[in-house]
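Structure first, then comments.
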Amino acid sequence: MSVGIVMLVHADLDRAEQVARHWSAAGCPVVIHADANVPARTFRKFVKALSDIDTIQFSPRHRCEWGTWGIVAATQSASEQMLRSFPDVRHVYLASGSCLPLRPVQELIDYLAARPRTDFIESATTSDVPWTVGGLDSERFTLRFPFSWKKHRRLFDGYVRLQRRIGLKRKMPNGIVPHLGSQWWCLTRQTLSAILQDPERDTYDRFFKRVWIPDESYFQTLARLYSGHIESRSLTLSKFDFQGKPHIFYDDHLQLLRRSDCFVARKIWPRADRLYEAFLTDEAHAMKRTEPNPGKIDRIFSKAVERRTRGRPGLYMQSRFPRKNWENGMTGAKYSVFQGFTELFSDFEPWLARATGCKVHGHLFAPDRAQFSSDQKVINGALSNSAAIRDYRPQAFLTNLIWNTRGERQCFQHGPVDRQGAAMAMARDPNAQISVISGAWAVPLFTSNRDFADLRTEAARLQKIESEFLDKLRSPLAKARIRIWTMAEFVENPMEPLQLIIDELGAKNARRLTEAPKMVNLQGFGQFLQNLKNQGMHPYLMGDFPTDPATHRPGRTNQRKPYLVKK
Amino acid sequence: MSIVSSYRLRLQRRRWLIRAVRKRRELSSVANRTRQIRKSDVLLFCTLRNERIRLPYFLDYYRQLGVTHFLFVDNDSSDGSRDYLAAQDDCSVWYTRRSYKRARFGMDWMNWLLLRHGHGHWCLTVDPDEFFVFPFCDTRPIQALTDWLDASSIKSFSAMILDMYPKGRIDAQPYREGQNPLEIAAWFDSGNYVIEKNPRYGNLWIQGGPRQRVFFPDQPELAPALNKIPLVKWERKNAYASSTHMLLPRGLNLTYDEFGGEKASGLLLHTKFLNTFADKAKEELTRGQHYCASVEYKAYADLIGDDPELWCKWSEKYINWRQLEILGLMSKGNWA
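Protein chains in written order, with the working numbering: chain Y, 1 to 567; chain A, 1 to 336.
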C-alpha cells in the first residue's frame, strides 16, 4: 500500500469505475473526486456500484470548469483525504477518469518503491518553454481571470486586453517562481503534505484562484518549494494537439500504446473497448511485453500537429485552401519552364529528356490543347488536356500537374503564343526554374511561309506578350529561379547556358554535355529582323542581330560549328 | 463582411427556415419512429426516389458506420422503396408526391426534418448513392469522429463528392441488390479538381473529376459542384442552402484552413455510375426536376448514346481511406 490514486472524474463513470476497480485490485487505495456537474442520481449510482470496495473513497465535490480553480480545489481535498485515510501511502498519483494504466500496476508500485523520495512532476519556468497555446504564458500569473473562457469568451478576452492596456499586474506572493507543467503528477507524501499544510497556503490559494489554468501551475510551482528531488516529467503519457487539447487514444492505437514506456495513458476514448480489455487485466492475462518505443508515439502525434498547422506543400483541396502567400510552397515540387528553346532548337524536347531523364512536355498552355508528353490526352491524376478546362483555372491546372507527378521532375515549354493564365503564378513560385531566350518567338515566323503583313502583326503581338511576361519575371514579387538571355546572347555561345540549366536540374549524369540540340538555320534571320524594322515594327527582345551577312557570318559560323552543327 | 450583407444572409436563412416550415405540409408520415432517437445518436437524412435496389446495402453501410436512426423522404417512388424502408426498425419515412424542384431540390424537406428532429445531434445528410468515408473509418465508428469534433469545438465536417465509375461501359456489369456498388464502380479521378472560394457564403466551390473531364470538356464551368458539408452538429438556426454544398450561418462553411494547414475532412464516394444510370438519366430528363434545367443530365444524354467511357489510363482504383488521404483528396488534419 505505497501508492494511492487520486482520480478526477467528470463523465463516462462506467469507465471510471472499471479503472478504479483495476487500481484497487492491485492494492492501491483510490480517492475519487466527481465533478459537481455530475447529476446527483448518476453519482449515487456510481457510489453504490463501487461500495463493495472499502479502499475506494469519495471526496467532497467541487465544480470543475476547464481552466479554473475548481480542479485544483478538487485535487486538494481529494489529496488531503487520501493522506488522512491511508497513512501507509507514500506516493500519490493524480489520474483522471479517462486515464488507463498501460503496464501492470505492480510495476508502478515497484518503480515508485525504488524511488521513495522522488517527485514526478513536470515543472518548468514560464520563460523557458514555449508550450502554451494562445499567447498567455507568463500573463497567466500576472493578470486576473475572473471570467470563464468557455462561457464568456468576449468578457475574458476583453478583460485581458483591458489589463494589458492599463498595465495591471499582480505580484507573485512571497516571491515564488511560477512553473508550468502537465496536470498529471505523482508526488510523495512529504512534498504533498508540505504543500497542503503550509501555513501560507491561504495566501497561495488566494493568488492561484485568479491564475489562468491553475491546475497546470499550482502544484508545479509549489512543489519547487518543498521537494528534495523533483524529476521533471510526467509518468502519464498525454499528447497535446495544436490547440492544447489532449489527443485521444482509440482501439487502433493498441500496438502503439503497448510500446509506450509510460505507466498511464490519457486520454482514452470511452468506447475504445479493445483498449480497456487489453490493459485492464491482471498480470496473468496481460499481453506479452514489447520493447518500449515511445519515439513512435511522439512521431505520430507531432506529425498530426504538423499536418494541421503546416499541411502538405502544393496541395489544394477541400480542407486546405491557403490564401495567397500562405501556401507554404505554392507547388509540391520543383519544375522547369523553358521559353524560346523549342523555337531555337529543332529537337529540344527529346534532347532534354535524354540529357536529364525528366518528364518533358510540349507547350502545356498552347491555345488548342495542353501538349502533354507523348501527346497523351490525359495524364497523371486524370488531368485532361482540354484547353477549356485548363484555361478555366490555369493556376489549379499547374498546381494539380505538379502535385500529381510528385517524385518526377516536370519540364515544359512556354511562350508568347501560349495562354498566359498561369504566368504570374509561375513567376511567384520558388519551385519554378524559368529559362527564357527572349525574342526566339521570331524564329518560327522567320521560317514560316506567310505574308509579310501577317508576320508583322503577329510579331508585334508576340513581342508585346513576351515583354509583359518578362516584366512579371522581373517584378519584385517573382520568387522563381529565373534566367533570361536575349536570343543574340544565347546564339553566341549556347553550350554554356545549356550546361548551366542542366546542372541545376540535377540531371542523373552530371557529366559535361556531349551532345547539343540542333539549332535551326538562322541564315538570313538578321535580314528578316531588319525587314520588320523597315516596316516600322521594331523587334528588340532578341538583342542585336547583325544584318549584313558578308561581314559577320563567316567568323560566327566557324565558332559555332564544333558545338552545334550535328551531321 | 459588412453588417448589411451579414444581415442579408440572416434574412436569407430565415426565409429558408420559414419555407422549410411551410413545406412540412407536403410531407405525410409513413413510419415515424423518431421517439426511439436517443440523445447521443447520429442521424442520417436522405431524400430519394426509386432507389429500392440500392437501399439494403446503403442501410447496412451506414448502420455499420454507427448511424442509429435514418430519416427518409420518399418522393413518390413506384418501386417499393417506401414499403421497404417503412419495414425497417431504425427508419422513419415521410412521403410526398410534390415537386422536388419546387422544394429547392428536396432541401426544404430536409431542412424541415433537420429542424424538427436534428437539433443537438450530429446529422449526416446524404443521397442513396453516396457513401461517407472519413479518416480511420475502417477502425473507428462515426461516434469517434463526432466525439472528437465535439471535443475540438468543430461543428461541421466537409466531405467532397468523389465520382466513382466502372472500367469499361457503365452498363457492362449489372448491379445486384445488396452488393457493394464499389465492387463495380471502383475507379476515380485523383488529381483534376479545381477550387474557388465563394465570397458570399464563404464555402469552397469545387469542380472537376470525370464529369468535367468527359461530359464538359468544352464548358468546364457547367460541371457540377463537388463540395459538400454533409455532417453537421445541427442547431435549429441552421439551414442548408443549395443541396448540402453550403449552409448558413456561414461559419459552418469554413471547413478549410486558409493558412497552409489542413483540417480534417472526408469524402462521399458517389456511385451514381452503375448500370442503373442510363434509365435514371432518361427519366430525370423527362421530369426536368433537376438542377439548372437538368443540364447535367442533358450532357450525359448527349454522350450516353456514344457509349462514353469514364475510365482512363490514369484512373485510380479505390483501396481504402488511407489511399485517398495520401492522394490529397481528404485529410486527417490533426486527428491521429
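Every residue gets a Cβ at the ideal spot worked out from N, C-alpha and C, and that includes glycine.
Quiz item: From Y/D429 to Y/A333, what does the alpha carbon distance come to, in whole angstroms?
Solution: 10 Å
Exercise. Taking only the alpha-carbon atoms, compute the straight-line gap between A/C46 and Y/K464 and give it to the nearest angstrom.
Key: 56 Å
Quiz item: If you draw a straight line from the alpha carbon of A/W335 to that of Y/K359, how long is it in whole angstroms?
Solution: Whole-angstrom Cα-Cα distance: 36 Å.
Exercise. Count the CB pairs spanning the segment 267-277 of chain Y and the segment 291-301 of chain Y that are closer than 8 Å, and state whether there are at least three.
Key: no
Quiz item: What separation, rounded to the nearest whole angstrom, lies between the Cα atoms of Y/K472 and Y/Q410?
Solution: 22 Å
Practice problem: Below 8 Å on the Cβ atoms is my guess for A/A159 versus A/L231; work out the distance and round it to an integer in Å. | Solution: 7 Å
Quiz prompt | Cα-Cα separation between A/P166 and A/Y100, rounded to whole angstroms | solution = 29 Å
Exercise. At 3 residues or longer, and completely inside the segment 167-200 of chain A: list those beta strand (DSSP E) runs for me, N to C.
Key: 193-197
Exercise. Buried or exposed for Y/V168, please, with buried defined as at least 16 other CB atoms from any protein chain shown within 10 angstroms of its CB.
Key: The displayed chain sequence assigns Leu, not Val, to residue 168 of chain Y. In this structure Y/L168 is exposed. Its beta-carbon is surrounded by fewer than 16 other beta-carbon atoms within 10 angstroms.
Exercise. State yes or no: is the beta carbon of Y/D110 nearer than 7 Å to at least one beta carbon in chain A?
Key: no
Quiz item: Since Y/I268 meets chain B, which of its residues come closer than 7 Å, beta carbon to beta carbon?
Solution: The structure shown contains no chain B; the protein chains it does contain are Y and A.
Practice problem: Only counting runs of 4 or more residues, tell me where the alpha helix (DSSP H) segments fall wholly within the segment 257-284 of chain Y, in order along the chain. | Solution: 273-279
Practice problem: Would you verify that the beta carbon of A/G266 is, or is not, closer than 7 Å to some beta carbon of chain Y? | Solution: no
Quiz prompt | Straight-line gap, Y/L196 to Y/R63 (C-alpha atoms, nearest Å) | solution = 20 Å
Quiz item: Anyone know if the C-beta pair for Y/R274 and Y/D298 falls short of 7 Å?
Solution: no
Quiz item: Taking the beta strand (DSSP E) that A/E130 falls in, what are its first and last residues?
Solution: 130-133
Self-check item: A/G266 versus Y/L237: straight-line alpha-carbon distance, rounded
Solution: Their backbone Cα atoms lie some 29 Å apart in a straight line.
Practice problem: Could you tell me which residues DSSP puts in a beta bridge with Y/M519? | Solution: The partner list for Y/M519 (beta bridge, DSSP) reads Y/F345.
Quiz item: If you measure from the beta carbon of Y/M424 to each beta carbon in chain A, is any gap under 7 Å?
Solution: No, no contact with chain A.
Practice problem: Could you please give the first and the last residue of the uninterrupted beta strand (DSSP E) stretch that includes Y/W212? | Solution: Here Y/W212 belongs to no beta strand (DSSP E), and DSSP marks it neither H nor E.
Quiz item: Which two residues bound the contiguous alpha helix (DSSP H) that contains Y/T75?
Solution: 70-85
Exercise. May I have the straight-line CA-CA distance separating Y/C262 from A/R25, to the nearest angstrom?
Key: 60 Å
Practice problem: May I ask which residues mark the beginning and end of the alpha helix (DSSP H) holding A/L285? | Solution: 277-287
Quiz item: Going along chain A in order, which residues have a C-beta closer than 9 Å to the C-beta of Y/F242?
Solution: The CB of Y/F242 comes closer than 9 Å to the CB of G261, N334 in chain A, given here in chain order.
Exercise. For chain Y, find out if any of its Cβ atoms is closer than 7 Å to the Cβ of A/I165; answer yes or no.
Key: The residue you asked about is not Ile; residue 165 of chain A is Tyr in the sequence shown. No, no contact with chain Y.
Quiz item: Buried or exposed: where does Y/V177 fall if 16 or more other Cβ atoms within 10 Å of its Cβ makes it buried?
Solution: exposed
Quiz item: Using a C-beta cutoff of 7 Å, does Y/G311 count as contacting chain A?
Solution: yes
Self-check item: Pair within 7 Å by beta-carbon distance, Y/V72 and Y/D215
Solution: yes
Practice problem: With 7 Å as the threshold, decide whether the Cβ of Y/W326 is near any Cβ in chain A. | Solution: yes
Quiz item: Less than 7 Å separating the beta-carbons of Y/R233 and Y/E122?
Solution: yes
Quiz prompt | Inter-stretch contact at 8 Å, needing at least 3 Cβ pairs: the segment 432-448 of chain Y / the segment 478-492 of chain Y | solution = yes
Exercise. Consult DSSP for A/T34 and reduce its assignment to one of helix, strand or coil.
Key: helix
Exercise. Compare the beta carbon distance of A/L145 and A/L113 with 7 Å and say whether it is the shorter of the two.
Key: No; because the gap between Cβ atoms is not below 7 Å, this pair is not in contact.
Quiz item: If we cut at 7 Å on Cβ distances, does A/P128 have a partner in chain Y?
Solution: no
Quiz item: If you run the structure through DSSP and keep just helix, strand and coil, what is A/W205?
Solution: strand
Quiz prompt | Residue nearest to Y/E65 in terms of C-alpha spacing, selected from Y/I213, Y/S98, Y/K245 | solution = Y/I213
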